[in-house]
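Heads up: the sequence shown begins at 11 in the numbering used here, then just goes up one per residue. The beta-carbon is built from N, C-alpha and C at its ideal position, and this holds for glycine as well. Shown next, in structure tokens, is the structure this report addresses.
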Amino acid sequence: MNPIDWKTCSGGGASGFIESFPFIPGWEFSGVVEALGEGVSGYQPGDAVLGFVRFPHPAGCYAEQLCAPADQITLRPEGLEATTAAGLGLAGLTAWQALFDKGQLQAGESVLILAGAGGVGHLAVQLAALEGAQVSATCSAANRDYLTSLGCHQVIDYRDLDMGTLAGQFDLILDGVGGDTAIDALITLKPGGRLVTLPL
Ligand SMILES: NC(=O)c1ccc[n+]([C@@H]2O[C@H](COP(=O)([O-])OP(=O)(O)OC[C@H]3O[C@@H](n4cnc5c(N)ncnc54)[C@H](OP(=O)(O)O)[C@@H]3O)[C@@H](O)[C@H]2O)c1
């Protein structure tokens with residue numbers, strides 16, 4: 011389950027795009043191709059695929075079967091379990107877009123990921139480390155070893171964090187928390203630094 015699913019079912023999120031009921035939630039999935047639409051190439055029945063589709067319009071990915079636009083799915087790599095792949099489409103694209111498309115993160119830069127152990131955060135930690143950035147992330151104490159194992163260079167417990175101790179350290183903040191936490195974190199940016207925030 012992605013946060014957008016419960017937010018939408020609670021009347022927020024993408025609920026404004028629901029045109030009729032019953033509404034089936036879900037925008038990301040993994041599955042197996044049953045059949046191809048006319049003119050579709052690049053896939054065969056039986057291919058394992060994953061995708062993030064039709065957002066913000068209803069896509070119905072909680073259903074057992076769905077019709078997905080071919081340009082919004084991709085082949086599932088061997089070794090990636092279906093259940094893991096099912097949660098990768100939206101969270102993975104969000105992490106990528108936030109870090110690189112919006113955040114313009116470059117190798118050698120320093121990034122602070124707020125909510126580093128979350129669905130987006132744990133992917134962002136890995137992508138930023140792979141890019142060659144210096145990665146710091148906040149989480150609760152129980153997730154310290156987990157984030158270190160993903161390549162995070164500095165793990166910070168948010169429960170007793172004084173942002174002032176990190177003043178002026180980061181080129182980019184990827185904020186998965188929002189509200190006062192994001193505002194307090196602005197002090198940790200270098201002059202000209204960037205903040206990309208996720209919560210709606
Ligand atoms: N998932 C997506 O694809 C996606 C896409 C677009 C936007 N968003 C938005 O991005 C936000 C995060 O989504 P998510 O899926 O990553 O959330 P999530 O999987 O529910 O994770 C939330 C994380 O927030 C952490 N946390 C709570 N309070 C914190 C604080 N004060 N400081 C630092 N970390 C704190 C928790 O850390 P601990 O477990 O370590 O305590 C938890 O791991 C949500 O608002 C969501 O709507 C998500």
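- Query: Run through DSSP, which three-state label would C162 get?
  - Reply: The residue labelled residue 162 in the question sits at position 152 within the sequence shown. C162 falls in the coil class under three-state DSSP.
How about A96 and L60: are their beta carbons less than 8 Å apart? The count along the sequence shown starts at 1 and reaches residue 96 at position 86. The count along the sequence shown starts at 1 and reaches residue 60 at position 50. In this structure, the beta-carbon distance from A96 to L60 falls below 8 Å.
Report the residue from K17, C71 and L76 whose alpha carbon sits nearest the alpha carbon of G47.
Taking the first residue of the sequence shown as 1, we reach residue 47 at position 37. Put simply, of K17, C71 and L76 the residue whose alpha carbon is nearest the alpha carbon of G47 is L76.
Item to complete: Give me every residue whose Cβ sits closer than 7 Å to any heavy atom of ligand 1, in chain order.
Response: Those residues are N12, P13, I14, K17, L100, A101, T104, L124, A125, A127, G128, G129, V130, G131, T148, C149, S150, A152, N153, Y168, G186, V187, G188, T191, L208, P209 and L210, given in chain order.
- Message: Taking only three categories from DSSP, how would you classify R204?
- Response: Here residue 204 is taken as the residue at index 194 of the sequence shown, counted from 1. Three-state DSSP puts R204 in a strand.
Reference P79, options G89, H67, L90 and P87, closest by Cα
Here residue 79 refers to the residue found at position 69 of the sequence shown. If we check each option's Cα against that of P79, H67 comes out closest.
In chain order, what residues of the same chain lie with their CB nearer than 7 Å to the CB of V50, ignoring the 5 residues before and after it? By 1-based counting over the sequence shown, the position of residue 50 is 40. Here V50 has A80 as same chain residues with Cβ atoms under 7 Å from its own Cβ, once five neighbours each way along the sequence are excluded.
For this session: Hey, could you find the ends of the alpha helix (DSSP H) E18 is sitting in?
Result: As a position in the sequence shown, residue 18 is number 8, starting the count at 1. The sequence given here has Thr at residue 18, not Glu. Per DSSP, the unbroken alpha helix (DSSP H) holding T18 starts and ends at P13 to C19.
What are the start and end residues of each continuous beta strand (DSSP E) run of 3 or more residues lying completely inside the stretch 83 to 165, in chain order?
Within the stretch 83 to 165, the complete beta strand (DSSP E) runs of at least 3 residues are 83 to 85, 120 to 124 and 144 to 149.
Worksheet item: Roughly how many angstroms separate the alpha carbons of L85 and G41, rounded to a whole number?
Response: As a first step, residue 85 must be located in the sequence shown, where it is residue number 75. As a first step, residue 41 must be located in the sequence shown, where it is residue number 31. Distance between the alpha carbons of L85 and G41: 10 Å.
- Message: My output table needs one value for S40: the three-state DSSP class, helix, strand or coil.
- Response: For the purposes of this step, residue 40 is identified with residue 30 of the sequence shown, where counting begins at 1. Of the three classes helix, strand and coil, the one that applies to S40 here is strand, per DSSP.
key: Same chain, Cβ closer than 7 Å to W106, neighbours up to 5 away in sequence not counted   = Against the sequence shown, residue 106 aligns to sequence position 96. Counting only residues of its own chain and dropping the five nearest sequence neighbours on each side, W106 has a CB closer than 7 Å to the CB of L137.
Q. For L176, does the three-state DSSP call read helix, strand or coil?
A. Counted from its first residue, the sequence shown places residue 176 at position 166. Residue state, collapsed to three classes: helix.
Original post:
Of all the options A108, V43, I197 and V165, which has the alpha carbon lying nearest to the alpha carbon of T148?
Top reply: Translated into the one-based positions of the sequence shown, residue 148 becomes position 138. The option with the nearest alpha carbon to T148 is V165.
Residues of its chain near G131, where Cβ-Cβ distance is below 7 Å and the 5 sequence neighbours each way are ignored:
The sequence position of residue 131 within the sequence shown is 121, counting from 1. Its chain contains I123, A125, A147 and G186 as the residues whose beta carbon lies nearer than 7 Å to that of G131, once the 5 sequence neighbours on both sides are disregarded; these appear in chain order.
With distances taken between CB atoms, is the gap from L115 to E74 smaller than 8 Å?
-> Counting from 1 along the sequence shown, the entry for residue 115 is found at position 105. Counting from 1 along the sequence shown, the entry for residue 74 is found at position 64. No. Outside cutoff.
Kindly list the residues whose CB is nearer than 7 Å to the CB of D15, restricted to its own chain and excluding five residues on each side of it in sequence; keep chain order.
-> In the sequence shown, residue 15 corresponds to position 5, counting from 1. Counting only Cβ-Cβ distances below 7 Å, and skipping sequence neighbours, we find P35 and G36.
### Query
Hey, quick one: how far does the alpha helix (DSSP H) through G189 stretch, first residue to last?
Numbered from 1 along the sequence shown, position 179 holds the residue referred to as residue 189. For G189, the enclosing alpha helix (DSSP H) has its first and last residue at G189 to A195.
Cβ-Cβ distance between D181 and V135 below 8 Å: Counted from its first residue, the sequence shown places residue 181 at position 171. Counted from its first residue, the sequence shown places residue 135 at position 125. No, these two residues do not count as a Cβ contact at 8 Å.
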